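J.: Residue numbers (our numbering): 5 to 216.
Structure incoming, see below.
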Ligand SMILES: [Zn+2]
């Protein structure tokens with residue numbers, strides 16, 4: 005799980021292009037096969053797979069990440085928040101170009117980046133359903149993937165995501181976990197802080213965390 009990709013200071017929300025390239029080269033060298041999140045629905049269990057996800061829809065995903073994906077020919081999944089405030093977001097043209105490249109799957113991450121647990125069910129459902137439609141309008145294709153903002157959700161939200169027609173949903177629960185249809189709507193992810201070094205990256209991949 006990543007967020008922004010830019011030359012800004014590395015942080016929990018930003019990874020520099022240089023470091024991301026190193027991490028991708030490492031994964032390629034170890035024989036990982038890169039998938040988009042919805043490819044998990046029909047993957048070959050014998051292979052080692054990795055899905056790169058980027059939450060919120062930062063413009064850096066176009067200005068930096070997209071070049072990297074093209075250079076290494078690896079796909080990624082970006083979860084858009086069409087009405088998020090306070091971040092510099094991808095625009096419609098950039099989203100379309102990335103969609104048409106075949107390298108990017110766009111998922112939905114609610115309309116306003118709302119904490120679903122802090123609003124009533126009616127608002128939660130509206131945020132979920134409308135974000136699917138909004139992303140489909142931007143990409144021109146079916147939006148199958150959802151990400152819970154802040155990783156916050158309850159059982160009712162899981163049902164809402166299923167009912168809305170999504171095929172998968174990701175959380176921020178940290179775990180290395182094989183995909184199965186029983187956890188398709190509560191998939192864990194490994195958070196990659198932009199400040200970690202390659203040893204820590206290796207530890208996260210092998211144990212799910214880097215603190216010993
Ligand atoms: Zn988010």
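Glycine residues also receive a C-beta, built at the ideal position from the N, C-alpha and C atoms.
Everything numeric in this text was worked out from a predicted model, so none of it was measured.
#1: Around the Cβ of residue 96, are there at least 16 other Cβ atoms within 10 angstroms (buried) or fewer (exposed)?
#2: Does the stretch 116–128 come close enough to the stretch 173–192 that 3 or more CB-CB pairs lie under 8 Å?
#3: When you compare each of 191, 167, 186 and 172 to residue 178 by their alpha carbons, which one comes out closest?
#4: Please list the terminal residues of the continuous beta strand (DSSP E) segment that includes residue 51.
#5: Which residues neighbour ligand 1 when neighbourhood means a C-beta less than 6 Å away from any of its non-hydrogen atoms? List them by chain order.
#6: Using CA coordinates, which residue listed in 26, 41 and 48 is at the minimum distance from residue 79?
#7: Rounded to whole angstroms, what's the CA-CA distance from residue 150 to residue 170? Just pull it up for me.
#8: Taking buried to mean at least 16 other C-beta atoms within 10 Å of its own C-beta, is residue 109 buried or exposed?
#9: Can you say whether residue 106 is buried or exposed, counting buried as having 16 or more other CB atoms within 10 angstroms of its CB?
#10: Quick one: any contact between the stretch 62–82 and the stretch 17–31, if contact means 3 or more CB pairs under 8 Å?
T.: On the basis of the supplied data:
#1: exposed
#2: no
#3: 191
#4: Counting along the chain, residue 51 falls outside any beta strand (DSSP E), and DSSP gives it neither H nor E.
#5: 59, 60, 113, 117 and 153
#6: 41
#7: 7 Å
#8: buried
#9: exposed
#10: yes
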